[in-house]
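Taking full-length UniProt numbering, the leading residue of the sequence shown gets 1, the next gets one more, and so forth. Ideal Cβ positions, reconstructed from N, Cα and C, are used throughout, including at glycine. All remarks here apply to the structure that follows.
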Amino acid sequence: MAVVVGVRAGLTVDHQVVAGEGARFDRLGGPGLFAALGARLVAGTAVELCANLPADEPRFRRLFDELGVGLGASTAVVEVPRLWILNSAEGRRIVPTRPPGGVELESGEPAEEDRPLPPATALGPVDGLLDSSPETAAGLAPGVLVGVDPHQLLLGESGLDYLERVSPPGAVILPSRVQLRLIDPDPRAAARRIRDELGRAVVARLDAEGMLVLDAEGGPGTAVRDEAVRVVETTGAGDASAAAIVAALAAGRDLVTAAAFGASVARLALADWGHDALLAEPLTDPFTQITIEQDH
């Protein structure tokens, strides 16, 4: 019997630019796409997506139907948000394609807010949920595994109070390096602070340094690193890996093995532009060449 994993996250259409490498335009994207495909890559997982499904971009529905991703919890909307995703040696920037007020140069004004996502309770019975950028707790039945990929702005505003608000007991927090630095300049120290003060398991995604896995019960932590990863373009790798971790945990894998599944799916996501490399066959085990050792 399949494990059912819900993904609550947004969809976008992206123009992806990598300095010195070129660009790809009108690519299907958004955390909802990458997370749904990432969860699907853990063998035995059925995925239900809770997102705003845009009428102006039918490619989303066609792709999800082809891959068997359930859309019963998604809401029909007219338009999909469209973004520029800009990558260079100086960093990464994501901006709307439509400038605020029609001004070509950035004015510092906030972009118009996207339509709120449907509530996670629209998913029905699930074994696990990846809640991407939540503003409130998912409100699912006790015992459902919840993975929280934090909302960067709310984390910056409220810190650990925000994480405690959106993560039920037993949840796993899945922060990125950028998010962790909103709590402490040292991302490893930030991850340990989350674990120690909130009593939640943490899988910290540290880019080229791999993942730091911290069990809720305490201990030194485990480093999970991929020796074979090859980076072509980074968009969506974090979303896909976070969802794979939740799917593996929901299937009964331990936290470290789940992180190794996440690293495996990240390897796939990083190997091509957009979601193309995630259209692979599901994995029954993590990839080889992923090292697991005690973190120091």
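Rounded to whole angstroms, the Cβ separation of residue 244 and residue 221 is 20 Å, and the two are not in contact under 8 Å. Each residue's CA atom was taken as its position, placing residue 4 and residue 45 some 6 Å apart.
Residue ranges of uninterrupted beta strand (DSSP E) with 3 or more members, entirely inside the UniProt domain "Carbohydrate kinase PfkB" (189-271) and ordered along the chain, are 201-205, 211-214, 222-226. If you look at residue 20, you'll find it isn't in any alpha helix (DSSP H); DSSP assigns it neither H nor E. Contact check for residue 83 against residue 70 fails: the beta carbons are separated by 9 Å or more. For the segment 133-198, the continuous alpha helix (DSSP H) assignments of 4+ residues that do not extend past its boundaries occur at 152-158, 160-166, 177-180, 187-198, in sequence order. The three-state secondary structure of residue 295, taken from DSSP, is coil. Judged by DSSP secondary structure, residue 31 falls within the alpha helix (DSSP H) whose first and last residues are 31-40.
In the structure shown, residue 120 falls within a helical segment according to DSSP collapsed to helix, strand and coil. Contact annotation: residue 265 and residue 7 have beta-carbon atoms that are not nearer than 9 Å.
The bridge partners DSSP lists for residue 82 are 13. Each of 94, 31, 123 was checked against the Cα of residue 74, and the nearest Cα belongs to 123. In the three-state scheme derived from DSSP, where H, G and I count as helix and E and B as strand, residue 98 is classed as coil. Fewer than three beta-carbon pairs drawn from the segment 272-289 and the segment 181-192 are found closer than 8 Å, and the two stretches are therefore not classed as touching.
In this structure, residue 172 places its C-beta atom within 9 Å of the C-beta atom of residue 147. Here residue 25 is exposed, its C-beta having fewer than 16 other C-beta atoms within 10 Å.
Residues 175, 179 of the same chain have their beta carbon placed closer than 6 Å to that of residue 150, with the five preceding and five following residues left out of the count. A contact is defined here as three or more CB-CB pairs under 8 Å, and the segment 182-198 fails this definition with respect to the segment 229-249.
Rounded to whole angstroms, residue 219 and residue 202 show a C-alpha spacing of 12 Å. In this chain, the alpha helix (DSSP H) harbouring residue 63 covers 59-67.
Secondary structure of residue 131 (DSSP, three-state): strand. According to the DSSP assignment, residue 48 belongs to the beta strand (DSSP E) that extends over 45-50.
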